[in-house]
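Novice: Here it is: the structure, laid out below.
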Amino acid sequence: MDLEANKALVRRHLDEAINRRQSHLWTEIMSEDFDLHHRLVPAGRDGYVAAIDILWQAFPDMSIELLDLVAEGDRVVARYIDRGTHLGEFMGIPPTGRTYEKHGFAMYRIAGARLAEAWTQEDDLAFQTQLFGPAEEWPTRTCQIPVRQRVGGGGYYRKYVR
């Protein structure tokens, strides 16, 4: 797959699958064992789809504005702005009606013309501050979040953290 085709695959993921809510595309463009290296997202395409579904429920107008795409070898890096309005429960926190704008980067590895892995770096502090105000005003109740933990030979098990 050439560099332009790799970039088109990532663009399709962000623009069509996420922004246009065409989740059926992930079976075509994402490997079944896709791994978003994120402590709150279970490994596998199904884990990713479930995580995005949670976001869509909490932020039904969520959209990603793609700012840059850079490709080299089997990697594509996207710089983007993620925006939405908190209209549904999110991690145990009731809707606030507030909007957010979160800047981020994601690096995707492409294998066999499909998304195989991704790593993200996002401005989560700005996200939380925009939704819940200054840290001292954040909800005081704890919520339990499933987290992947490595075990022995590299497998994962779920544990809950507060």
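For the sequence shown, the positions run 0 to 161 when numbering that gives the first Met the number 0 is used. The beta-carbon is built from N, C-alpha and C at its ideal position, and this holds for glycine as well.
Take the Cβ of H12 as the centre, count every other Cβ of all protein chains shown within 10 Å, and call the residue buried at 16 or more, exposed below.
Specialist: In the sequence shown, the residue the question calls residue 12 occupies position 13. When all chains shown are included, H12 counts as buried.
Novice: Start and end of the beta strand (DSSP E) containing A117?
Specialist: On the sequence shown, position 118 is the one that residue 117 refers to. Its beta strand (DSSP E) spans residues R113 to E121.
Novice: With 16 as the cutoff for other CB atoms within 10 Å, does L130 come out buried or exposed?
Specialist: Within the sequence shown, numbered from 1, the residue matching residue 130 stands at position 131. Buried: at least 16 other Cβ atoms inside 10 Å.
Novice: For T84, which three-state DSSP category applies?
Specialist: On the sequence shown, position 85 is the one that residue 84 refers to. Correct three-state label for T84: strand.
Novice: In this structure, how does DSSP classify T95 when only helix, strand and coil are distinguished?
Specialist: Looking up residue 95 in the sequence shown gives position 96. Here T95 sits in coil by DSSP.
Novice: Taking the continuous alpha helix (DSSP H) assigned at E135, which residues delimit it?
Specialist: For this step, residue 135 is matched to residue 136 along the sequence shown. That residue, E135, is in no alpha helix (DSSP H); it is neither H nor E in DSSP.
Novice: On the CB-based measure, 16 or more other CB atoms within 10 Å of its CB, does M61 come out buried or exposed?
Specialist: As a working mapping, residue 61 is identified with position 62 in the sequence shown. Buried, since its Cβ has 16 or more Cβ neighbours within 10 Å.
Novice: If you pair each beta-carbon of the stretch 52-68 with each one of the stretch 37-44, do three or more pairs fall below 8 Å?
Specialist: Flag = no, the stretch 52-68 and the stretch 37-44 do not touch.
Novice: Give the secondary structure of A77 by DSSP, where H, G and I count as helix, E and B as strand, and everything else as coil.
Specialist: Against the sequence shown, residue 77 aligns to sequence position 78. Looking at A77 - three-state DSSP - the assignment turns out to be strand.
Novice: Looking only at its own chain, which residues have a Cβ that is under 8 Å from the Cβ of T95, when we skip the five neighbours before and after it?
Specialist: Here the question's residue 95 lines up with position 96 in the sequence shown. Excluding positions up to five away in sequence, the list reads H85, L130 and F131.
Novice: Could you round the C-beta distance between I17 and I51 to whole angstroms and report it? I think they count as a contact, below 8 Å.
Specialist: The sequence position of residue 17 within the sequence shown is 18, counting from 1. The sequence position of residue 51 within the sequence shown is 52, counting from 1. About 7 Å separates the two Cβ atoms, so the contact holds.
Novice: Using 8 Å for Cβ pairs, my map puts R74 next to R108. What's the rounded Cβ distance?
Specialist: The count along the sequence shown starts at 1 and reaches residue 74 at position 75. The count along the sequence shown starts at 1 and reaches residue 108 at position 109. Contact holds; Cβ gap of about 6 Å.
Novice: Tell me which residues share the same chain as R140 and place their Cβ nearer than 6 Å to its Cβ, disregarding the 5 neighbours each side in the sequence.
Specialist: Residue 140 sits at position 141 when you count from the first residue of the sequence shown. Note that R140 scores 47 on pLDDT, short of 50, meaning its location in the model is unreliable; the coordinates nonetheless yield the value given after this. There are no such residues.
Novice: Where does G46 sit, in a helix, a strand or coil, going by DSSP?
Specialist: As a first step, residue 46 is located in the sequence shown; it is residue number 47 there, counting from the start. G46 falls in the helix class under three-state DSSP.
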